[in-house]
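Protein sequence lines, in the order shown, are assigned to chains A and C.
For the record, in the first sequence the residue sitting at position 290 is 651 according to our numbering, with numbers rising by one throughout.
For the record, in the second sequence the residue sitting at position 188 is 1593 according to our numbering, with numbers rising by one throughout.
Each residue gets a CB set at the ideal place from its N, CA and C atoms; glycine is no exception.
This report refers to the structure that appears directly beneath it.
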Amino acid sequence: MSQPLPETSGTTVYAARAVHTFDPARATASAVAVRDGRFLAVGDPDDLVATYGGTLDRTLADKVLLPGFVEAHCHKDTGGLWQYTYVGYEARTDPDGRSWPGCNTFDAVVERLREADSLLTDPDEPLLAWGLDPIFWPGERLDRRQLDAVSTTRRIFVIHSNMHLATVNSALMEAEGITPDTVAEGVPKDASGWPLGELQEFPAMALAGAAFRSFFGRQRSDEAIHLFGKSARNVGVTTLTDLGTSNLLEETIVRQWTGIVDHDFPTRVVMFHGAMQNGTVSDETCAAALAELRKQSTDHLRLGYVKLLLDGSIQGGTARLRWPGFHHGGPNGIWLIPPDQFADRLAPYHRAGLQVHTHANGDEAVDVLLDAVAEVQAAHPMPDHRHTVQHCQLTTPGQYRRIRALGMCANIFSNHAWFWGDQHISITVGPDRAARMNAARTALDLGVPLSMHSDSPVTPLGSLHVAWAAVNRLTPSGVIVGPDERITVAEALQAVTMGAAWQLRMEDEVGSISPRKFADLAILEADPFEVDPMELRDIPVWGTMCGGVLHPAAGVGG
Amino acid sequence: MSSGPDRLPLTVIGGYLGAGKTTLLNGILAEPDGQRIAVLVNDFGDIDIDGRLLASAAGDVLTLANGCICCSMVDGFAESLETVRGFADRIDRVVVEVSGVGEPRKVARWAHLPGFTPDGVVVLVDPLSVRDRAADRYVGETVVSQVAGADLVVVSRSDVADEEDLAGTEAWLSGMTDATVLRTPVPTAVLLGPRPRNLPAETAEDAPASTTPPHDHVSISRHLDGPIARTSIDTWIRARPGGVVRAKGLVRVDDRPDDRTVLQVCGSTTSVTVDGPWDGGAEVVVAIALPGTPRAALVKWLNLLG
């Protein structure tokens, strides 16, 4: 699929329909010259050949070239989930390019599972599926009886799209001893006392035993990493982030990733250590280990970054909100690190010169984060630390001013407008705060270094979709939620290229088409500056170039 | 999957930062009441493991000379419980420490996994700070919710707090929760209840008998002979005398004579569950009460089961 780099790499000039460099010194061009996996120059194809020699390649002559997209917040299970059967409501395309229509009825779910069941040869292998979203079937509920229509002998485990709920069949219940005597919370029962087959939250899902362990265990397979890379290639992403899904203090994990993510891999990967999983290791020891680990970084794999979490999610009712709290009147959310301990957890990494990206959805969580950064900065001033607020969905203008003043960055979850915008208006935070959510306009106007992300697999990987959501702020019901917070196409694409590169400290290597930077491209079939902004997300992606190597998307004849 | 007798009782211990969880866990490991206890902690940092007591260390598991083990939950609950299940033939029970902002009641849900059985939620509170914490802008709801989810609340630092703070805290708690409230020090036998596996071994004849009180709390056991009436259980639950902190029974019930029914009291909470087919073992109930609880009241109470 990918073309190996010639051993003595000469110069190749790629002619294009248009090149948008996102480098203001030369914003547009009609060709790029590539040498040794890096951009040499941009310009006119004939001029470039005349100046630098080399060969003219017309493979991309009718394509539009942008810097490879930089996804600064997603997770490795983006790829791994495709090891299982997709039964979600929305159509999706898998990493190998096969399109999976949405399962819009329970019958469609059953039909999809039957097909998957027929492909499994070992009768003892559980059938694992993901993406079910019953929010689209109000009043209906998938239970074991529908799944029994798929198989009465094979164990079936279907995890819902929120990853907090699963539905299993009778064969699995029998194998794992889930009976009327099961008194565990999160195991609802029918009128006769039999469990319905729904397992709510992790302690109940774990009752599914081997199927549950297999579902999460296989996320650590080599195959999952390869699927992650393919997914990126299909949507034009050339720098991926695994934001804290892995414990990088485990040598086997580092070895696995360094072994796979090399020159042949379709993207670069930035690995954040999940410092919530430190276990017996102190933050001081961890910081020292990560500072050492950073030295093992390669052009393709970056190490030595830290992820912390402060609160939960807005749609899950677990984010920490300031007054007046949730619109639905539910209790305020949860803390994942005690607020008065947060500065102490941050400090060792800060002192070691490591960047910390912190999950903070609610505005109250952002307060705690900003106070902590102010505290550690006062104690140990560290110029240009770029600690980053991740999600910042309810961050206020005052908080954005502080983010700027503290030298921090913001990575905004713009896709929420499309995926939960209607629910935010009517249920979670109400219409006023929904209009202010993911305030990209405000952040930019206040000079905050901005990126935007998908948090894949929470929403599908795809920087064009992320940009589209920030440009249009459209909800599925047709509402423009917070029109004053919309940003331009140029600003949105800047955020998912240079903006993200800055947050990952890769601003001199990726994020724009500039001489000496890695030759990383998002290769598009249409010009994002010419299409209707409402169609930004629909632009077909031909594939990517990563380090001078072309990676056509699945289904594209390379 | 494991059948009834192999299930490890799992007790959850929570409380906000500084509430005294580590001190309590160190006490359990130092004086485990003759039980081999697996303690699951978020990190080993503050666990006081005297070099002489440490028998072996392998990765995330420390084994102590007294048979207790200490595991870190670095890989998450499901994985840690899986690890502990591998030690099932060497330990009697499991104690799980919940992080300072964790919800002990929610963590207790894990105790329903095969091989385990829930055995109470204990929440510690610091008498010098809990009332301020409960009003804190950031963590108030968390602290209140922790207390509300407890079966047993332990007021810590009774050695340094003055009586006014202790009594004030207890009065405040009585408005927050129906849970039984104790002060430190709490002996392991009271905190965790009777040893699960040798429930029958140390007990006496047919009539209610007393066993040697570990420390100075009161412990009573009674053997039962054949299935008891379902209705007697309801009466028994309602008639529980003050002072009872823990009780455990392995019984047969008339409407399910072929199954083993487990009666369990932890603080204010009583549960009645079926954990598998009857294994032919002794039918017995044990109760543990605070010092000063009249023995006669306990005898009368256990006699209600019939």
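What are the start and end residues of the alpha helix (DSSP H) that includes residue i?
{"i": "residue 1641 (chain C)", "result": "1635-1643"}
{"i": "residue 841 (chain A)", "result": "Here residue 841 (chain A) belongs to no alpha helix (DSSP H), and DSSP marks it neither H nor E."}
{"i": "residue 781 (chain A)", "result": "777-784"}
{"i": "residue 587 (chain A)", "result": "583-595"}
{"i": "residue 1577 (chain C)", "result": "1568-1579"}
Tell whether a beta-carbon distance below 8 Å holds between residue i and residue j.
{"i": "residue 372 (chain A)", "j": "residue 382 (chain A)", "result": "no"}
{"i": "residue 1447 (chain C)", "j": "residue 1485 (chain C)", "result": "no"}
{"i": "residue 662 (chain A)", "j": "residue 619 (chain A)", "result": "yes"}
{"i": "residue 473 (chain A)", "j": "residue 446 (chain A)", "result": "yes"}
{"i": "residue 976 (chain A)", "j": "residue 395 (chain A)", "result": "Absent from the structure is residue 976 (chain A), since the part of chain A shown begins at 362 and ends at 919."}
{"i": "residue 767 (chain A)", "j": "residue 729 (chain A)", "result": "no"}
{"i": "residue 800 (chain A)", "j": "residue 756 (chain A)", "result": "yes"}
{"i": "residue 1468 (chain C)", "j": "residue 1477 (chain C)", "result": "no"}
{"i": "residue 463 (chain A)", "j": "residue 452 (chain A)", "result": "yes"}
{"i": "residue 737 (chain A)", "j": "residue 713 (chain A)", "result": "no"}
{"i": "residue 1683 (chain C)", "j": "residue 1659 (chain C)", "result": "no"}
{"i": "residue 894 (chain A)", "j": "residue 850 (chain A)", "result": "yes"}
{"i": "residue 897 (chain A)", "j": "residue 805 (chain A)", "result": "no"}
Using the Cβ count rule (16 or more neighbours within 10 Å means buried), how would you classify residue i?
{"i": "residue 1644 (chain C)", "result": "exposed"}
{"i": "residue 480 (chain A)", "result": "exposed"}
{"i": "residue 1584 (chain C)", "result": "buried"}
{"i": "residue 1705 (chain C)", "result": "exposed"}
{"i": "residue 584 (chain A)", "result": "exposed"}
{"i": "residue 458 (chain A)", "result": "exposed"}
{"i": "residue 1708 (chain C)", "result": "exposed"}
{"i": "residue 424 (chain A)", "result": "buried"}
{"i": "residue 1459 (chain C)", "result": "exposed"}
{"i": "residue 616 (chain A)", "result": "exposed"}
{"i": "residue 741 (chain A)", "result": "exposed"}
{"i": "residue 502 (chain A)", "result": "exposed"}
{"i": "residue 739 (chain A)", "result": "exposed"}
{"i": "residue 748 (chain A)", "result": "buried"}
{"i": "residue 846 (chain A)", "result": "buried"}
{"i": "residue 913 (chain A)", "result": "buried"}
{"i": "residue 1517 (chain C)", "result": "buried"}
For the beta strand (DSSP E) that contains residue i, what are its first and last residues?
{"i": "residue 772 (chain A)", "result": "770-773"}
{"i": "residue 1476 (chain C)", "result": "1474-1477"}
{"i": "residue 1682 (chain C)", "result": "1674-1682"}
{"i": "residue 1434 (chain C)", "result": "It is not in any beta strand (DSSP E) - residue 1434 (chain C) instead sits in the alpha helix (DSSP H) that spans 1426-1435."}
{"i": "residue 491 (chain A)", "result": "488-493"}
{"i": "residue 1502 (chain C)", "result": "1498-1502"}
Might you give, ordered along the chain, the residues of its own chain that have their beta carbon closer than 7 Å to the beta carbon of residue i, omitting 5 neighbours on each side?
{"i": "residue 1442 (chain C)", "result": "1433, 1473, 1496, 1497, 1498 and 1500"}
{"i": "residue 814 (chain A)", "result": "432, 433, 434, 435, 772, 774 and 827"}
{"i": "residue 628 (chain A)", "result": "590, 593, 594, 598, 599, 600, 601 and 907"}
{"i": "residue 1582 (chain C)", "result": "1552, 1553, 1555 and 1558"}
{"i": "residue 537 (chain A)", "result": "568, 569 and 570"}
{"i": "residue 1533 (chain C)", "result": "1562, 1566 and 1570"}
{"i": "residue 465 (chain A)", "result": "450"}
Excluding the 5 residues preceding and the 5 following residue i in the sequence, name in chain order all residues of the same chain whose CB lies nearer than 6 Å to its CB.
{"i": "residue 954 (chain A)", "result": "Here chain A comprises residues numbered 362 to 919, so residue 954 (chain A) is not present and cannot be evaluated."}
{"i": "residue 782 (chain A)", "result": "836 and 842"}
{"i": "residue 817 (chain A)", "result": "435 and 439"}
{"i": "residue 429 (chain A)", "result": "599, 881, 882, 883 and 905"}
{"i": "residue 510 (chain A)", "result": "471"}
{"i": "residue 1422 (chain C)", "result": "1505"}
{"i": "residue 861 (chain A)", "result": "431, 433 and 812"}
{"i": "residue 868 (chain A)", "result": "862"}
Would you check whether the ligand GDP has a heavy atom nearer than 7 Å to the C-beta of residue i?
{"i": "residue 730 (chain A)", "result": "With respect to the ligand GDP, the structure shown offers nothing to examine, as it has no ligands at all."}
Among the residues of its own chain, which have a CB less than 8 Å from the CB of residue i, if the five just before and after it don't count?
{"i": "residue 715 (chain A)", "result": "648, 651, 652, 655, 665, 666 and 667"}
Would you mind telling me which residues of chain D sit closer than 7 Å to residue i, beta carbon to beta carbon, in chain order?
{"i": "residue 545 (chain A)", "result": "In the displayed structure, chain D is absent; the protein chains listed are A and C."}
Chain A contacts made by the segment 1521-1547 of chain C, where a contact means CB separation under 7 Å:
1543, 1544, 1546 and 1547
Of all the residues that make up the segment 1434-1464 of chain C, which are near chain A by a beta-carbon distance shorter than 8 Å?
1447, 1448, 1449 and 1450
Of the residues that make up the segment 665-699 of chain A, which ones have a beta carbon closer than 8 Å to any beta carbon in chain C?
681, 692, 693, 695, 696, 697, 698 and 699
Along the segment 1488-1518 of chain C, where does the CB come closer than 7 Å to a CB of chain A? Name the residues.
1505, 1506, 1514, 1515, 1517 and 1518
Chain C contacts from the segment 734-761 of chain A (Cβ-Cβ distance under 9 Å):
none
Any residues in the segment 518-547 of chain A with a beta carbon nearer than 8 Å to a beta carbon of chain C? Which ones, in chain order?
537, 538, 542, 543, 544, 545, 546 and 547
Using Cβ-Cβ distances below 8 Å, what residues of the segment 562-575 of chain A are close to chain C?
562, 563, 564, 565, 567, 568, 570, 573 and 574
Please list the residues of the segment 1416-1428 of chain C that have a C-beta atom closer than 7 Å to any C-beta atom in chain A, keeping them in chain order.
1422
Chain A contacts made by the segment 1668-1693 of chain C, where a contact means CB separation under 9 Å
1676, 1678, 1679, 1680 and 1681
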